[in-house]
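Input: a single structure, listed below in structure tokens.
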Amino acid sequence: MTKEKGKVEGERALPPLPNVEKYGRVVTRFAPNPDCVLHLGSARAIILSHEYARMYNGRFILRFEDTDPRLKKSSLQFMDLIREDMEWLGCVPDEEYIQSDRIEIYYEYAERLIKDGYAYICTCKPEESRAKIMFGEPCPCRELPPEENLRRWEAMLSGLYAEGEAVMRIKTDLKHPNPAIRDWPAFRVIDTKKYPHPRVGSKYRVWPLYNFACGIDDHLMGITHIIRGKEHLTNQERQKYLYRYLGWEYPEAIHYGRLKIEGASLSKSKIVRGVREGLYTGWDDPRLATFLALKRRGIRPEAIRRLILDIGPRPADITLSWDNLYAHNRKIVDPIADRFFFIWDPVKLIVDGVERPITVNIPLHPDHPERGKRTFNIRPVNGVATLLISGRDAERLQPGTIVRLMELFNITVRGVYGDSVRASFHSEPYIEAKKVGAQLIHWLPEGECLECNVIMPDNSIINGLVEKSIRMAHPDKIVQFERFGFARIDSLGEKIVAYFAHK
RNA sequence: GCUCCGGUAGUAUAGACCGGUCAAGUAUUCCGGCCUUUCGAGCCGGAGACCCGGGUUCAAAUCCCGGCCGGAGCACCA
Numbered sequence: 003m004t005k006e007k008g009k010v011e012g013e014r015a016l017p018p019l020p021n022v023e024k025y026g027r028v029v030t031r032f033a034p035n036p037d038c039v040l041h042l043g044s045a046r047a048i049i050l051s052h053e054y055a056r057m058y059n060g061r062f063i064l065r066f067e068d069t070d071p072r073l074k075k076s077s078l079q080f081m082d083l084i085r086e087d088m089e090w091l092g093c094v095p096d097e098e099y100i101q102s103d104r105i106e107i108y109y110e111y112a113e114r115l116i117k118d119g120y121a122y123i124c125t126c127k128p129e130e131s132r133a134k135i136m137f138g139e140p141c142p143c144r145e146l147p148p149e150e151n152l153r154r155w156e157a158m159l160s161g162l163y164a165e166g167e168a169v170m171r172i173k174t175d176l177k178h179p180n181p182a183i184r185d186w187p188a189f190r191v192i193d194t195k196k197y198p199h200p201r202v203g204s205k206y207r208v209w210p211l212y213n214f215a216c217g218i219d220d221h222l223m224g225i226t227h228i229i230r231g232k233e234h235l236t237n238q239e240r241q242k243y244l245y246r247y248l249g250w251e252y253p254e255a256i257h258y259g260r261l262k263i264e265g266a267s268l269s270k271s272k273i274v275r276g277v278r279e280g281l282y283t284g285w286d287d288p289r290l291a292t293f294l295a296l297k298r299r300g301i302r303p304e305a306i307r308r309l310i311l312d313i314g315p316r317p318a319d320i321t322l323s324w325d326n327l328y329a330h331n332r333k334i335v336d337p338i339a340d341r342f343f344f345i346w347d348p349v350k351l352i353v354d355g356v357e358r359p360i361t362v363n364i365p366l367h368p369d370h371p372e373r374g375k376r377t378f379n380i381r382p383v384n385g386v387a388t389l390l391i392s393g394r395d396a397e398r399l400q401p402g403t404i405v406r407l408m409e410l411f412n413i414t415v416r417g418v419y420g421d422s423v424r425a426s427f428h429s430e431p432y433i434e435a436k437k438v439g440a441q442l443i444h445w446l447p448e449g450e451c452l453e454c455n456v457i458m459p460d461n462s463i464i465n466g467l468v469e470k471s472i473r474m475a476h477p478d479k480i481v482q483f484e485r486f487g488f489a490r491i492d493s494l495g496e497k498i499v500a501y502f503a504h505k
């Protein structure tokens, strides 16, 4: 093993995959149930699987596991949204499969296992078989000869059993110390007249369970390295029986720990329910940790990728801090975000002693003057200029202090009169402000600004005004509102709408 | 209750398989300084961690045992 874990530009290299040399080519997969949009919780499986495939010049497969038309119903809409999410993330699969297309394949293997005496059709009441298994005792069905089981299987397929009346189980070890491993269920009956599958309707009424479909597919698709959460550890044990009976070798499996992010729920059912009930504004509600929400807030996919690479595949449970994501994103976004003045909670600033009109040009980016400038015009009336400053700054202006209006001039604060702040022109050069250590604040000329709503991560709205040059931007652009934070321009209509990313 | 998996600074991660070079590295966060016409970025410095108790050993973050804490599974869900 190499001692140097080559670090590229602050990006952590992933630890090597086990036994790569055993396989001709690394093949990984991401296998979601399309019953929700993707979120940060899925990021680890997707990005790690994709990254490892890329690292070893292998293949990355997307497999939709839509085998529950009843409880965890999938939908075509989610399949499309998942594909879009993955493309946005930069994890485009080399191949795509959908399990509801492969039902007949699963049937073939089911039959083979029954014939070989490794599986049986159990027609006991669900509670009864559960109890027997807990005690490690066989039910009468388990002892039936393969021919009888085959007959029952045919009956299952032809619709002779209703929901709950028959289930196919894989024989394992009834004395296994972990009851979860004992004779696990592989197929059940679903009344698809009542619960039609979104893709294949009521074509099938016998549906494979997770361990069967997943186990068969991982082998058939040549998956060499399975990367998934450690909640699947017992599933691995279950599936190993399947592999033994079929004479297959189980792939390498990496089980990473549970990922949480402070303050956000990564539960798919809660997200789906919340959106359906109108608790959230949609899949991209800023309070959610869905990729759609992160995207809308101006989090770049590359930041998510770096975060996940940072975290790696270790099995310890972790709770991420948003700061961690923001730090990555800031590094990506800071060099490209144009700067604008945004005044929240605006307060009038009336400055006297301004003898002539002034036009100032301020670079769109302090480090990249070549990118252009924005222009402001101040037209004093009888030596009095009316500007706007943020309420938070206004509160802190003590009478008598000198303050620099960024890129404009220095003022001496007189005091607050009514709802406006009064001040007098002090001097123009920046050096004067520097000499006295004056505070720098940003401003807008009255009449040269547009209304702007910034949607915050908690879905609250900050009302304010933004300079008219914001029209130079376009929707989806990430900008920095100086002394406020980074935000993504959402729309440039009558009223400007932006989503706050982070400081 | 049963089965399994974890526990390094506020957060995340390296080191653990193959004990010493780890009085523990890195990123972020926080604090201070420099720089800068942003409370942004950059640069420099600082603070901050091996869950606890035993054992093995010349030597333990690393191996073993016990405890504590956290998580997952025990569905005719995935």
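Using the numbering used here, read the first sequence as starting at 3 and increasing by one per residue.
Every residue, glycine too, gets a C-beta built ideally from N, C-alpha and C.
Beta-carbon contacts of Arg190 that lie in its chain and below 7 Å, excluding the five residues immediately before and after: Val169, Trp209 and Leu211
task: Starting from Leu468, trace the beta strand (DSSP E) both ways and give me its first and last residue.
output: The sequence given here places Val at residue 468; Leu does not occur at that position. Looking at the DSSP string, the run of the beta strand (DSSP E) that includes Val468 is Ile463 to Glu469.
message: Give me, in chain order, the residues of the same chain whose beta-carbon lies closer than 8 Å to that of Thr1; leave out the 5 immediate sequence neighbours on both sides.
response: The structure shown has nothing for residue 1, since the chain only spans 3 to 505.
message: Below 8 Å, how does it come out for the region 114-121 and the region 144-156: are there three or more Cβ pairs, yes or no?
response: The region 114-121, when compared against the region 144-156, does touch it at the 8 Å Cβ threshold.
- request: List in chain order: all unbroken beta strand (DSSP E) runs of 3+ residues lying wholly within the region 393-429.
  value: 404-407, 412-419 and 422-429
- request: Look at the alpha carbon of Val335 and the alpha carbon of Leu442, and state the distance between them as a whole number of angstroms.
  value: Whole-angstrom Cα-Cα distance: 24 Å.
Three CB pairs or more closer than 8 Å across the region 466-477 and the region 419-432: no
message: Going by DSSP in three states, Leu21 sits in which element: helix, strand or coil?
response: For the record, residue 21 in the displayed sequence is Asn; it is not Leu. Coil, per DSSP.
query: Are the beta-carbon atoms belonging to Ile192 and Arg207 less than 7 Å from one another?
result: yes
message: Between which residues of its own chain and Ala387 is the CB-CB distance below 6 Å, once the five residues before and five after are set aside?
response: Val353, Val356 and Ile380
field: Alpha-carbon to alpha-carbon, Asn35 and Glu484
entry: 42 Å
query: Under 7 Å, do His123 and Arg184 count as touching if we go by C-beta distance?
result: For the record, residue 123 in the displayed sequence is Ile; it is not His. The answer is no: Cβ separation not under 7 Å.
message: Between Leu78, Val28, Cys93 and Asp70, which has its C-alpha nearest Ser44's C-alpha?
response: Cys93
Helix, strand or coil at Ile491 according to DSSP, with G and I counted as helix: strand
message: Quick check on the DSSP output: the beta strand (DSSP E) that includes Met170 runs from which residue to which?
response: Val169 to Ile172
- request: Label Val383 either buried or exposed according to how many other C-beta atoms from any shown protein chain fall within 10 Å of its C-beta, with 16 as the threshold for buried.
  value: exposed
- prompt: Buried or exposed: Leu19, going by 16 or more other Cβ atoms within 10 Å of its Cβ?
  reply: buried
field: DSSP-derived helix/strand/coil call for Tyr328
entry: helix
Beta-carbon contacts of Ala503 that lie in its chain and below 8 Å, excluding the five residues immediately before and after: Arg299, Gly300, Ile301, Tyr328, Asn331, Val335, Ile480, Gly487, Phe488, Ala489 and Arg490
task: Closer than 8 Å by C-beta to Ala55: which residues in its own chain qualify, once you throw out the five before and the five after it? Chain order, please.
output: Val28, Val29, Thr30, Arg61, Phe62 and Asp96
query: If you count every other CB in all the chains shown that lies within 10 Å of the CB of Ser102, and 16 or more means buried, which is it?
result: buried
Stretch pair the region 219-226 + the region 153-167: three plus CB contacts closer than 8 Å: In short, these stretches do not touch, since the Cβ pair count stays below three.
- prompt: If we ignore side chains and look at the alpha-carbon of each, how far apart do Tyr258 and Tyr243 end up?
  reply: 22 Å
Contained alpha helix (DSSP H) runs [length at least 4] in the region 118-192, N- to C-terminal order: 128-137 and 148-159
- request: Hey, could you find the ends of the beta strand (DSSP E) Lys350 is sitting in?
  value: Pro348 to Asp354
Best match in Leu235, Phe427, Tyr432 and Ser471 for proximity to Glu450 [C-alpha to C-alpha]: Ser471
field: Span of the beta strand (DSSP E), counted from its first residue to its last, around Asn455
entry: Cys451 to Ile457
Collapsed DSSP secondary structure at Phe214 in the structure displayed: DSSP places Phe214 in helix when its eight states are reduced to three.
- prompt: Which first and last residues belong to the beta strand (DSSP E) in which Arg298 is found?
  reply: Run containing Arg298: none in the beta strand (DSSP E); it sits in the alpha helix (DSSP H), Phe293 to Arg298.
Simplified DSSP assignment, three categories, for Ala503: strand
task: For Lys505, count neighbouring C-beta atoms within 10 Å of its own C-beta (all shown protein chains included) and say buried if the count is 16 or more, exposed if not.
output: exposed
- prompt: Considering Pro303, what are the terminal residues of the alpha helix (DSSP H) in which it resides?
  reply: Pro303 to Ile313
message: Can you look up Thr388 in the DSSP assignment and give me helix, strand or coil?
response: strand
task: Per DSSP, which residues does Ile480 bridge with? Please list them.
output: In DSSP, Ile480 forms a bridge with Arg490.
query: Measuring from the CB of Gly138, is there a heavy atom of the ligand MG at a distance below 6 Å?
result: Absent from the structure shown: the ligand MG. Ligands present: none.
field: Member of Phe427, Met458, Gln400 and Pro315 whose CA lies at the smallest distance from the CA of Ile413
entry: Phe427
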